[in-house]
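*Asks:*
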Amino acid sequence: MTDSGDSHNARGTWSWASRRLGRGARLPWCQPLRWRDPPGPVTALVSFPGSGNTWVRYLLQQVTGYYSGSVYKDYALMKNGFPAESVSNGSVVVVKTHEWGPEMRKGFSRAILVVRDPYLAIQAEFNRQSGGHIGHAQPDKYTRDGGRYWEKFVTNKALAWMNTTLDWLKFEGPLHLVFYEDLLDNLPEEMRRILEFLDLDVSESNFDCMMRHLDGIYKRRKRPLSFDPFTPKLRALVDRCKQLVERAVREVLAGGDVNVVLNNMNAFNFSFGHHKPVVR
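In UniProt numbering, the protein residues as written are 1 to 280.
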């Protein structure tokens, strides 16, 4: 990274003055957000929901000053710090997606894949769907319909977590793997690796500013449950999906062919179809 000498950026500036734009207008951005001009490569920021995608977008906006985009149009995010929702070209630093399949992958020239432990990611997505971006599911949600609602949710999402990760491991362009737990353990090093992959130089003052403004407005407070919502049956499924993904990740990190792992998975009767983006 280079230090541009722009020490005023470290104090934080206000990117937008209008109250019409919601809370995002009053966030202490490290620098005014702008479009990439000229545009850069179209870069996917892909993950299963609940894996830290929005947090990484926020950090990248802080440290680079570039808008981040999305294949969705989340109006809550648009009003609160992410006005480039629904923009999916090279004018934004990354493009958020939770989708998978060859049609989705071919729209990008490079990709950052964020992977989180499936138990935590599934729980986070259940909280988001039940209580919004920073809310929580009430305990009675887990026992709805005699527990069948939660069981169906976990079954569908465990397979979706596996499908999303395995599919993007097949991405033919430059691919950068990020593990959510590594972000928590060593954020500075992980963010520098992401910036290196994006081939972006930022000033040390902006990097330091990002480190002082880590959370934004979409950090969900921890609220541990007094019970384990994952039954032995559900744990067996999630563990199996996790094992298969770990095998594929090891293959990729070792420089091997992930398709070898995928071809050996046919006997498990998992679905690897693709689905269309859902407008949120």
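Ideal placement from N, C-alpha and C gives every residue a C-beta, glycine not left out. Every value quoted in this text rests on a predicted model; they were computed, and no experiment measured them.
List, from N- to C-terminal side, the beta strand (DSSP E) runs of 3 residues or more that fit wholly inside the stretch 65-110.
*Replies:* You should have 95-97.
*Asks:* Please check the pair Gly173 and Ala111, which I expect to be a contact at CB under 8 Å, by giving their CB distance rounded to whole angstroms.
*Replies:* Confirmed, about 7 Å.
*Asks:* Could you confirm whether any beta carbon from chain B is found closer than 7 Å to the beta carbon of Met211?
*Replies:* The chain inventory of the structure shown lacks chain B, comprising one protein chain alone.
*Asks:* Can you tell me where the alpha helix (DSSP H) holding Phe171 begins and where it ends?
*Replies:* Run containing Phe171: none; DSSP gives neither H nor E here.
*Asks:* Going by DSSP, name the residue or residues bridged to Leu177.
*Replies:* Leu177 pairs with Leu113.
*Asks:* By DSSP's criteria, Ala44 is part of a beta bridge. Which residues make up the other side?
*Replies:* In the DSSP output, where bridge partners are listed per residue, Ala44 has Val95 and Ala111.
*Asks:* Report, in whole angstroms, the separation of the C-beta atoms of Gly81 and Tyr58, which I expect to be a contact under 8 Å.
*Replies:* Yes, they are in contact, since the Cβ atoms of Gly81 and Tyr58 sit about 7 Å apart, within 8 Å.
*Asks:* Taking the alpha helix (DSSP H) that Pro188 falls in, what are its first and last residues?
*Replies:* Counting along the chain, the alpha helix (DSSP H) containing Pro188 begins and ends at Leu187 to Leu198.
*Asks:* Which partner residues does Arg34 have in the DSSP bridge list?
*Replies:* Paired residues: Tyr66.
*Asks:* Under DSSP, the alpha helix (DSSP H) around Asp201 begins and ends at which residues?
*Replies:* Neither: Asp201 is in no alpha helix (DSSP H) and is coded neither H nor E.
*Asks:* Return yes when the Cβ of Glu189 is within less than 7 Å of the Cβ of Leu183, no when it is not.
*Replies:* Their beta carbons are not under 7 Å apart, which means Leu183 does not touch Glu189 by this criterion.
*Asks:* Asp167 and Trp100 - do their beta-carbons sit closer together than 7 Å?
*Replies:* For Trp100 and Asp167, yes; Cβs fall inside 7 Å.
*Asks:* Measure the Cβ-Cβ separation of Val258 and Glu251 and say whether it is below 7 Å.
*Replies:* Closer than 7 Å, so yes.
*Asks:* Since I believe Phe197 is in contact with His176 (beta carbons under 8 Å), could you give me their beta-carbon distance rounded to a whole number of angstroms?
*Replies:* Contact holds; Cβ gap of about 4 Å.
*Asks:* Since His98 contacts Thr164 with CB under 8 Å, what's their CB separation in whole angstroms?
*Replies:* About 7 Å separates the two Cβ atoms, so the contact holds.
*Asks:* Can you say whether Val92 is buried or exposed, counting buried as having 16 or more other CB atoms within 10 angstroms of its CB?
*Replies:* By the neighbour-count rule (16 or more Cβ atoms within 10 Å), Val92 is buried.
*Asks:* Could you have a look at Thr231 and say whether DSSP puts it in helix, strand or coil?
*Replies:* If DSSP states are grouped into helix, strand and coil, Thr231 belongs with coil.
*Asks:* My understanding is that Val178 touches Val238, with C-beta atoms under 8 Å, so please give their C-beta distance in whole angstroms.
*Replies:* Going by Cβ atoms, the distance from Val178 to Val238 rounds to 21 Å, so no, they are not a contact pair.
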